[in-house]
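**Q**
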Amino acid sequence: MKKAFNKDIAGQIRYNPRRFLAILSIVALGVAFYSGVRATSPNMRLTVDRYFDRFNASDIQLLSTMGFETQDIESIRQLKQVESVQPGYSADGFVLKNDSTLLLSFQSLDTERLKSRPDALLNRPELLSGRYPEAPDECLADVQLNELYGFNLDETITLQSNNDSDIKDSLKLLEYKIVGFVRSVQYISLQRGNSSKGEGTLNGFVMIPEQNFKMEVFTQAYIKSKDAESSRFSDTYQKSVDRLADSIEETGSKRNPERFTKIRSEAEQKLSDGRQKLADAEEQLAEGEKELTEGEQKLKDGEKELAANRKKYNTEIANGEKKLKDAEKELIKAKTELEKNQKELEQNKERLEQAEAELENTYKQLEQGRQELAALKSQIDLMEQTNQPAEQIDQLQALYEQTKARLDDGQRQYDQGIHELAAAKAELQKGETELKKGWDKYFAGKAEYEKNLTAFNKSKSEGAKKLDEAQNELASSKRKLEDARRKFEEEKPDALEKIEKAKKELKDGEKKLADLKEPEWIALDLQSNIGFASYRQDADRIAAIGLVFPLIFFLVAALVSLTTMTRMVEDDRTVIGVLKALGYSRFDIAMRYLVYSGLAAAIGIAIGILAGAAVFPRVIFDAYGILYDLPPILTPIHADSSLQAGMGAFFCAVVPSLAVCFKELTSTPASLMRPRAPKMGRRILLERLTVVWKRLNFSQKVTCRNLFRYKKRLLMTVFGIAGCTALVFTGFGLRDSITLMVPLQYDEIQKYDMAVNLRETAEKQDIDELKELLSADKSVKASIGFYQKGIELEKGKNKNDANLIVADNRDDFKKFVAFRDRRSGRPIELTDSGVVITEKVAKLLKIKAGDTVTLLVPDKPDVEVKVTALTENYVFHYIYMTQTLYNRLYGEEAAPNSVFGQLADTDKDTQSNLSKALIKLDYVSSVSFNTSLRKDFNDMVKAMDIVVVVLILSAAALAFIVLFSLTTINIDERRRELATLKVLGFYDNETALYLYRENTLITLIGIAAGLLLGVGLLSYVITTAEVDMVMFARRTHWSNYILSSLITLSFAAIVNLIMYRTINRIDMVESMKSVE
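Structure, rendered in structure tokens:
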């Protein structure tokens, strides 16, 4: 008998698989969603905790306004709470990649410790590819540089030092070879922090061997606490870190006076050196001016001297040329005279020779005449002897006498000619001698002339050469002087500018020295790390969603499970009576349902816990992968949420069946084996509305009667559908609330595109200069200066941080920030009678318009002020007041220290160029653009959007299972009724429509109730899921109502189509006699 009973229990599952699977599915889905979503936030925290433990993340990053000396590090190391201290260096530098300039943080890496004791290295980088550095010029690069900017292993990173002298002063090498890509616990988000250079935002980090840094002091120190052993997200951990931070700051307060004295002394020495250098520079400039003036005077003197020498040279050359010409003329004259004399001498010689020839001829004639005379005498003698006639002799004698006379006359002439010839020869000889002397003198004169001419030409050439050389030297000196003058004039403005800059630097240095304060140690815990803080907020946001959404989800699933088992027990009323009549105990009969529901619940719980732990945390964590750079999420099964979900599901599945079963077991077997009496028909409210009722046909009237005839079924179904609709609507509404937040904040409320913050040392002329620069820049449409300060707001025991903004010109300020009431959209006026605060901070402080709030401003007295209005705002907290009110509260004017700007074009290049130009200004501390803030929030919204989609899909799946289960129950418990309709001649379609009308009407009622419930649930979820610094939008698009309704109606239609076959397969005979 027991064996048959056990078979019957097993047969329950076999004969009712659909109900069994429905319970299993609804339990599995409810448990999976509840345990999975609730486990996501703890898993996110656990993943980061283990990740930080694995790579020895520091608990505190210590910064100082003046760096750290070795003694500072040692004093920190002596603290009892400190486990280890790791000092380090860092410097920001520019790197060029694919025509883009990237700003990277270069950080020191203790390669020796990394090799010898890697576990002791704080913030040890996680090597993703490549190897660790082995040489000074090797580095580890941020994996983001590989994924986003295309850097590869073995590629060289070259620092740009043209306009960045700081990096040359900080690092020994400017080129590093990438040997590995790493991930760091310091950067778990994709943001890499801010910088005072470039656009103000870092693009990545690079780790280089620490021996590459030239710095004399450490720029930072990482500290590990001994006491911080609990989760980094816990209050216990935070308290222990806060205690350590207090101890460190106390140590700093002891070390800082000594360091301050040393730094002040060094600063005074540097100022003294600077003054000396300035005096030297001014003296050098004056000396240069003096040297140029002296050079110009020397040049003028040289030109005068050259002119005088050239004049003297020209005079001497002219005189020399004149003398030479005179000498040449004399030579020519002498030569002419000599040649004339020579010619005359030669003519005389010719005449002399001619005369001598004539004399010779005369002599010959004389000799011939003597011979003739002798012959004539001989003839005369002979004639005398021969006694020639005397007449003849006389004739001959006369002839002889005549001839002799003539001969004597000729002899006399000849002798005279001889004498004259001798005289002429003597004269000729004399002439020749004189001529020779003349020629000798001429040739001597000519030789002297030529010698003088050669000497003159040489002297002239040398003189001209010397003059030319002097001219060239003078020209060269002039060019050099002109070059020197030009160079001096070119360099003079720079020199004057440098001198002025040096004077300004000296003045600033003297001012800084006068304003110099003791060094301050700033202990930054993990909450100050932008990545960790954002991650914690996201984990808290998921935890907040996990508080409410899964609970409603689980309640709906539990309700359906409860309904299913309740219906099952009620349907088995006859079977219970038979078993009781056969002698089975109450416990045995109860076990029949306990095993059925318990097994379905147990399997569903097991599947739900395993699926929930594996699916939901991974899906949600992967959604945040666009924001964070972390290892895969850890997915342990959490006993608390799993136990809560399991016990709740088991309770909802088992306890109702046992309660109904024991209720039925109180009746006798005979009464149990008889069918339960049908419920008495009653008039419904609609029947009393005659105008409406009489216009309904028979089918519609039956539908209305049936709805209110089974009130419990109606309420259960309506509540189940309402719950699913509310969940779907809440999912869509949450999605809208998150996605609308960004455009509302940055398009409608904060209408500026850029915010420029000035340093504390900035003066009024700096803000005026900045406004002039922005006004002259064509990319800036408008700008406005204002004062802002981080303060605390206090109301009773409540305190909250906020950003105080003081508007100089309230009318102009409205063009940059809109003040309006969120509910009515009515503009809000900023008046002198009080302050305007943002809605979220007012809610946190429990303030309404008309109340007062206390302002806690650093270095100023606490003042209480009236809140005139609450303005719409979604990101961060602000308090606005006028300049007049500030003056009245604090007795001084709030000097502008920030500027809002509206850009003509918000493209990346415009922002980049503008940011680079502004960040170079000494008095500008940071430049931010709403586009980057918008991007950050959009990334967060995308992650949340995926989470919301998961919620919507899960709610939709629950809606389908709920509708399927409730419809199945409805058909099973009304099987006889549907069979009766078939017997009465209803066609299949008519029978189905008979049921579909009820289902559709109940679905519509459930949708309407669900939308009302969804509005309240959405408001609660939004309020719960918000973090302190953010307010989600309170707007829901009308399409959400339609989408939520259509999804539920779609599932209802799908379920109806699935059940159509079940309705058609109802056996009329078997169903009609089922009671028997």
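Take the sequence shown: its letters are residues -1 to 1074, numbered as in this note's numbering. Where a beta carbon is used, it is the ideal one built from N, C-alpha and C, also for glycine. Please read these numbers as outputs of a predicted model, since none were measured by experiment.
So Ser127 and Gly178 are in contact, right, with Cβ under 8 Å, and what is the actual spacing, rounded?
**A** For the purposes of this step, residue 127 is taken as the residue at position 129 of the sequence shown. For the purposes of this step, residue 178 is taken as the residue at position 180 of the sequence shown. Indeed they touch by this definition, with Cβ atoms about 6 Å apart.
**Q** Three-state secondary structure (DSSP) at Arg392?
**A** Position 394 of the sequence shown, counted from the first residue, corresponds to residue 392. What sits at residue 392 in the sequence shown is Asp, not Arg. In this structure, Asp392 counts as helix in the three-state DSSP scheme.
**Q** Quick check on DSSP: helix, strand or coil for Ala158?
**A** For the purposes of this step, residue 158 is taken as the residue at position 160 of the sequence shown. Here residue 158 is Gln; the residue named in the question, Ala, does not match the sequence. Note: Gln158 maps to strand in three-state DSSP.
**Q** According to DSSP, is Val716 part of a helix, a strand, or is it coil?
**A** Locating residue 716 in the sequence shown gives position 718, counting from the first residue. Reduced to three states, the DSSP call for Val716 is helix.
**Q** Can the beta-carbon of Thr217 be found closer than 7 Å to that of Gly65?
**A** Indexing the sequence shown from 1 puts residue 217 at position 219. Indexing the sequence shown from 1 puts residue 65 at position 67. Yes, these two residues count as a Cβ contact at 7 Å.
**Q** Under a three-way DSSP split, which group does Ile1003 fall into?
**A** By one-based count along the sequence shown, residue 1003 stands at place 1005. Correct three-state label for Ile1003: helix.
**Q** Here's the rule I'm using: 16 or more other beta-carbon atoms within 10 Å means buried, otherwise exposed. How should Asp466 be labelled?
**A** If you number the sequence shown from 1, residue 466 lands on position 468. Counting Cβ neighbours within 10 Å, Asp466 comes out exposed, since fewer than 16 surround it.
**Q** Quick one, are the C-beta atoms of Phe53 and Glu153 less than 7 Å apart?
**A** If you number the sequence shown from 1, residue 53 lands on position 55. If you number the sequence shown from 1, residue 153 lands on position 155. For Phe53 and Glu153, no; Cβs fall outside 7 Å.
**Q** Do the segment 724 to 732 and the segment 1013 to 1027 touch if we need at least three Cβ pairs shorter than 8 Å?
**A** yes
**Q** Threshold first: 4 residues or longer. Then list the alpha helix (DSSP H) segments lying entirely within the segment 851 to 912, N to C.
**A** 881 to 888
**Q** Three Cβ pairs or more, each shorter than 8 Å: is that satisfied between the segment 502 to 512 and the segment 201 to 209?
**A** no
**Q** Out of curiosity, what's the CA-to-CA distance linking Tyr888 and Ser114?
**A** As a first step, residue 888 is located in the sequence shown; it is residue number 890 there, counting from the start. As a first step, residue 114 is located in the sequence shown; it is residue number 116 there, counting from the start. So the two alpha carbons sit approximately 59 Å from each other.
**Q** Is the separation between the beta-carbon of Thr401 and that of Leu433 shorter than 7 Å?
**A** Along the sequence shown, read from residue 1 onward, the residue named residue 401 stands at position 403. Along the sequence shown, read from residue 1 onward, the residue named residue 433 stands at position 435. Their beta carbons are not under 7 Å apart, which means Thr401 does not touch Leu433 by this criterion.
**Q** Tell me the rounded alpha-carbon separation between Val554 and Arg565.
**A** The count along the sequence shown starts at 1 and reaches residue 554 at position 556. The count along the sequence shown starts at 1 and reaches residue 565 at position 567. Cα to Cα, Val554 sits roughly 16 Å from Arg565.
**Q** Would the beta-carbon of Ser238 fall within 7 Å of that of Asp225?
**A** Counting from 1 along the sequence shown, the entry for residue 238 is found at position 240. Counting from 1 along the sequence shown, the entry for residue 225 is found at position 227. Yes. Within cutoff.
**Q** Rounded to the nearest angstrom, what separates Leu290 and Ala482 at their Cα positions?
**A** By one-based count along the sequence shown, residue 290 stands at place 292. By one-based count along the sequence shown, residue 482 stands at place 484. If I take the Cα positions, the gap works out to 7 Å.
**Q** Taking the alpha-carbon of Ser1040 as reference, which of Leu1002, Pro85 and Arg995 has the nearest alpha-carbon?
**A** As a first step, residue 1040 is located in the sequence shown; it is residue number 1042 there, counting from the start. Looking at the sequence itself, residue 1040 is Ile, so the reference to Ser does not match. Nearest option by C-alpha distance: Leu1002.
**Q** Does the segment 647 to 666 come within contact of the segment 67 to 79, defined as at least 3 CB pairs closer than 8 Å?
**A** no
**Q** Measuring CB atoms only, is the segment 630 to 638 touching the segment 574 to 591, in the sense that at least three cross pairs come out at less than 8 Å?
**A** no
**Q** Assuming contact is defined by CB atoms lying nearer than 7 Å, are Tyr626 and Ile186 in contact in what I supplied?
**A** If you number the sequence shown from 1, residue 626 lands on position 628. If you number the sequence shown from 1, residue 186 lands on position 188. Contact: yes.
**Q** To the nearest angstrom, how far is the alpha carbon of Glu1075 from that of Ile221?
**A** Not covered by the structure: residue 1075. The range shown for the chain is -1 to 1074.
**Q** Decide if Lys195 is buried, meaning its Cβ has at least 16 other Cβ atoms within 10 Å, or exposed.
**A** For the purposes of this step, residue 195 is taken as the residue at position 197 of the sequence shown. Looking at its Cβ environment, which holds 16 or more other Cβ atoms inside 10 Å, Lys195 is buried.
**Q** For Ile826 versus Thr869, is the C-beta spacing smaller than 7 Å?
**A** Translated into positions along the sequence shown, residue 826 becomes position 828. Translated into positions along the sequence shown, residue 869 becomes position 871. Contact flag set, yes.
**Q** By how many angstroms is the C-alpha of Thr156 removed from the C-alpha of Asp108?
**A** Stepping through the sequence shown from its first residue, residue 108 is reached at position 110. Stepping through the sequence shown from its first residue, residue 156 is reached at position 158. Taking the straight line from one Cα to the other gives about 21 Å.
**Q** Since Gln209 is in the beta strand (DSSP E), which residue starts that stretch and which ends it?
**A** Counting from 1 along the sequence shown, the entry for residue 209 is found at position 211. First-last for Gln209: undefined, no H or E at that position.
**Q** Would Phe211 and Tyr130 be called neighbours here (beta carbons separated by less than 7 Å)?
**A** Walking along the sequence shown from the start, residue 211 turns up at place 213. Walking along the sequence shown from the start, residue 130 turns up at place 132. Their beta carbons are not under 7 Å apart, which means Phe211 does not touch Tyr130 by this criterion.
**Q** Please state the DSSP three-state secondary structure of Gly507.
**A** To locate residue 507, count along the sequence shown from 1; it is residue 509. Gly507 falls in the helix class under three-state DSSP.
**Q** Work out the CA separation of Ala651 and Ala599 for me, nearest whole Å.
**A** By one-based count along the sequence shown, residue 599 stands at place 601. By one-based count along the sequence shown, residue 651 stands at place 653. So the two alpha carbons sit approximately 6 Å from each other.
**Q** According to DSSP, is Val834 helix, strand or coil?
**A** By one-based count along the sequence shown, residue 834 stands at place 836. Here Val834 sits in strand by DSSP.
**Q** Using a Cβ-Cβ cutoff of less than 6 Å, which residues in the same chain neighbour Val558 once the five nearest sequence positions on both sides are dropped?
**A** Within the sequence shown, numbered from 1, the residue matching residue 558 stands at position 560. Ile24, Gly718, Val960 and Ser963.
**Q** Do Trp437 and Leu336 have their C-beta atoms closer together than 7 Å?
**A** Position 439 of the sequence shown, counted from the first residue, corresponds to residue 437. Position 338 of the sequence shown, counted from the first residue, corresponds to residue 336. In this structure, Leu336 lies closer than 7 Å to Trp437 by Cβ.
**Q** Measuring CB atoms only, is the segment 749 to 767 touching the segment 916 to 924, in the sense that at least three cross pairs come out at less than 8 Å?
**A** Here the segment 749 to 767 lies against the segment 916 to 924, with 3 or more beta-carbon pairs under 8 Å apart.
**Q** Using the DSSP secondary-structure output, state which residues sit across from Met752 in a beta bridge.
**A** The residue labelled residue 752 in the question sits at position 754 within the sequence shown. In the DSSP output, where bridge partners are listed per residue, Met752 has Gly899 and Phe927.
**Q** With respect to the alpha helix (DSSP H) encompassing Ala521, which residues constitute its N-terminal and C-terminal limits?
**A** For the purposes of this step, residue 521 is taken as residue 523 along the sequence shown, with counting starting at 1. Segment Trp519 to Leu522 is the beta strand (DSSP E) holding Ala521; no alpha helix (DSSP H) there.
**Q** Between Val851 and Val865, how many whole angstroms is the CB-CB distance? I'm expecting something under 8 Å.
**A** In the sequence shown, residue 851 corresponds to position 853, counting from 1. In the sequence shown, residue 865 corresponds to position 867, counting from 1. The pair is a contact, with the Cβ atoms about 6 Å apart (cut-off 8 Å).
**Q** Please identify the residue among Arg995, Asn895 and Thr759 whose C-alpha is closest to the C-alpha of Gln786.
**A** Reading the sequence shown from its first residue, position 788 is the one you call residue 786. It is Asn895.
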